[in-house]
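**Student:** This is the structure I want to talk about, given as structure tokens.
In our numbering, the protein residues as written are 4 to 302.
Here's what the structure looks like:
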């Protein structure tokens with residue numbers, strides 16, 4: 004059995020779910036472990052408390068593991084369990100993500116997988132299946148209904164600018180300074196050179212910043228989805244014809260769920276500051292995505 008640990012925010016949860024569907028598509032027995040959201044001690048270790056937001060999607064089905072199934076792969080907790088794993092390492096099937104892409108996991112039959120699995124190559128080939136399964140419930144907000152119609156009727160482009168928690172000291176060293184003004188300017192210019200009459204829809208956790216920096220009729224600021232309704236921003240991103248992402252799995256999924264056949268999807272060349280930019284590898288693992296670095300250069 005393959006068990007995939009679910010943790011983190013919505014975008015990460017969707018990647019863990021996507022990997023689960025990938026394993027199922029190749030005939031593997033796979034389940035999700037959702038205990039991270041039920042363990043208060045784990046929640047205390049993260050800066051922002053999370054809930055299992057996968058449940059917000061309409062009729063999304065997935066199988067979860069039992070405690071016994073988890074222990075069969077990891078062994079029991081406590082001193083005796085740790086001693087057993089130390090003396091007999093082969094009994095511990097715990098696999099930690101440590102690289103950008105781990106193709107070897109698809110050869111495993113029994114493993115407990117822990118990671119975020121952001122790489123597009125993991126599930127690019129089953130994206131049509133994921134687009135069918137991941138459905139948003141109908142929004143009761145008339146603004147969402149109206150803007151969805153507008154997006155589908157014009158050359159709409161989403162721009163995601165994540166500030167908020169990325170400016171906190173806990174996150175800035177890892178995620179800050181990647182999506183620079185030069186990145187966004189180059190991304191807009193790339194779109195404008197290929198898409199006539201592009202209209203940009205801006206999404207951010209800092210609407211004041213958007214109003215100060217993006218004046219003009221070519222921009223529409225989407226700032227009304229709050230709290231539990233925030234995930235409708237992802238749906239609206241997916242309704243645009245083209246997407247400019249932040250270094251955020253939230254906007255990655257807005258782009259992934261976009262069904263426009265000839266869509267242009269732009270992302271920063273780095274997701275984290277610890278990542279080295281390897282152009283050839285990036286293009287292999289993120290097929291058809293446009294990569295732009297912090298200096299505004301296409302990679």
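Don't be surprised by glycine CBs; every beta carbon is placed ideally from N, CA and C.
Pull up the DSSP beta-bridge partners for residue 246, would you.
**Tutor:** As a working mapping, residue 246 is identified with position 243 in the chain shown. Per DSSP, 161, 268.
**Student:** Which partner residues of residue 115 appear in the DSSP bridge assignment?
**Tutor:** Mapped onto the chain shown, residue 115 falls at position 112. BP columns for residue 115 point to 6, 97.
**Student:** Consult DSSP for residue 293 and reduce its assignment to one of helix, strand or coil.
**Tutor:** Indexing the chain shown from 1 puts residue 293 at position 290. Strand.
**Student:** Hey, out of 145, 36, 16, whose CA is closest to residue 8's CA?
**Tutor:** Translated into positions along the chain shown, residue 8 becomes position 5. If we check each option's Cα against that of residue 8, 36 comes out closest.
**Student:** How close, in whole Å, do the beta carbons of residue 158 and residue 218 come, if the pair is a contact with beta carbons under 8 Å?
**Tutor:** Taking the first residue of the chain shown as 1, we reach residue 158 at position 155. Taking the first residue of the chain shown as 1, we reach residue 218 at position 215. Contact flag wrong, Cβ pair sits at about 20 Å.
**Student:** Using the Cα positions of residue 279 and residue 288, report the straight-line distance between them to the nearest angstrom.
**Tutor:** Within the chain shown, the letter at position 276 stands for residue 279. Within the chain shown, the letter at position 285 stands for residue 288. Rounded to the nearest angstrom, the two C-alpha atoms are 14 Å apart.
**Student:** For residue 70, does the three-state DSSP call read helix, strand or coil?
**Tutor:** If you number the chain shown from 1, residue 70 lands on position 67. In this structure, residue 70 counts as helix in the three-state DSSP scheme.
**Student:** Would you give the residue range spanned by the alpha helix (DSSP H) that residue 33 belongs to?
**Tutor:** On the chain shown, residue 33 is found 30 positions in, with the first residue counted as 1. Taken as a continuous stretch (DSSP letters only), residue 33 belongs to no alpha helix (DSSP H), being part of the beta strand (DSSP E) at 33-36.
**Student:** Quick one: is residue 234 buried, meaning 16 or more other Cβ sit within 10 Å of its Cβ, or exposed?
**Tutor:** Counting from one through the chain shown, the residue named residue 234 turns up at place 231. It is buried - the Cβ of residue 234 has at least 16 other Cβ atoms within 10 Å.
**Student:** Within the same chain, show all residues whose beta-carbon is closer than 7 Å to that of residue 49, passing over the 5 residues directly before and after it, in chain order.
**Tutor:** The residue labelled residue 49 in the question sits at position 46 within the chain shown. Any reading at residue 49 must be qualified, since the residue scores a pLDDT of 49, below 50, and its modelled position is unreliable; the value itself is stated next. Cβ within range, chain order: n/a, list empty.
**Student:** I need the boundaries of the alpha helix (DSSP H) containing residue 105, first residue and last residue.
**Tutor:** Here residue 105 refers to the residue found at position 102 of the chain shown. No alpha helix (DSSP H) holds residue 105; DSSP gives it neither H nor E.
**Student:** Determine the DSSP secondary structure at residue 1, reduced to helix, strand or coil.
**Tutor:** Residue numbering for the chain in the displayed model covers 4 to 302; residue 1 lies beyond these limits and cannot be assessed.
**Student:** For residue 125, which three-state DSSP category applies?
**Tutor:** Stepping through the chain shown from its first residue, residue 125 is reached at position 122. Residue state, collapsed to three classes: helix.
**Student:** What are the residues that DSSP puts in a beta bridge with residue 55?
**Tutor:** Residue 55 sits at position 52 when you count from the first residue of the chain shown. According to DSSP, residue 55 bridges with nothing at all.
**Student:** Mind reading off the beta-carbon distance from residue 126 to residue 22? Whole number of angstroms is fine, and I expect it under 8 Å.
**Tutor:** Within the chain shown, residue 126 is the residue found at index 123, counting from 1. Within the chain shown, residue 22 is the residue found at index 19, counting from 1. Confirmed, Cβ separation roughly 6 Å.
**Student:** DSSP three-state label for residue 203, please.
**Tutor:** Translated into positions along the chain shown, residue 203 becomes position 200. Reduced to three states, the DSSP call for residue 203 is strand.
**Student:** What residue from 38, 262, 120, 4 has the CA that sits closest to residue 110's CA?
**Tutor:** Sequence index remark: in the chain shown, residue 110 carries index 107 (1-based). With distances taken between Cα atoms, residue 110 lies closest to 4.
**Student:** If you compare alpha carbons, which of 74, 104, 275 is closest to residue 284?
**Tutor:** Position 281 of the chain shown, counting from 1, holds the residue named residue 284. Closest option to residue 284, Cα to Cα, is 104.
**Student:** Looking only at its chain, what residues have a beta carbon closer than 6 Å to the beta carbon of residue 236, apart from the 5 residues adjacent to it on each side?
**Tutor:** If you number the chain shown from 1, residue 236 lands on position 233. Result list for residue 236: 206, 228, in chain order.
**Student:** Counting Cβ pairs, one atom from each stretch, are 3 or more of them under 8 Å apart for the stretch 141-154 and the stretch 71-80?
**Tutor:** no
**Student:** Should residue 282 be labelled buried (16 or more other beta-carbon atoms within 10 Å of its own) or exposed?
**Tutor:** Indexing the chain shown from 1 puts residue 282 at position 279. Result: exposed.
**Student:** Look at residue 253 and residue 13 and say whether their C-beta atoms are less than 8 Å apart.
**Tutor:** In the chain shown, residue 253 corresponds to position 250, counting from 1. In the chain shown, residue 13 corresponds to position 10, counting from 1. Cβ distance < 8 Å, so residue 253 and residue 13 count as in contact.
**Student:** Who are the Cβ neighbours of residue 1 in its own chain at under 7 Å, not counting the five residues just before and after it?
**Tutor:** Because the chain in this structure spans residues 4 to 302, residue 1 falls outside the shown range and cannot be described.
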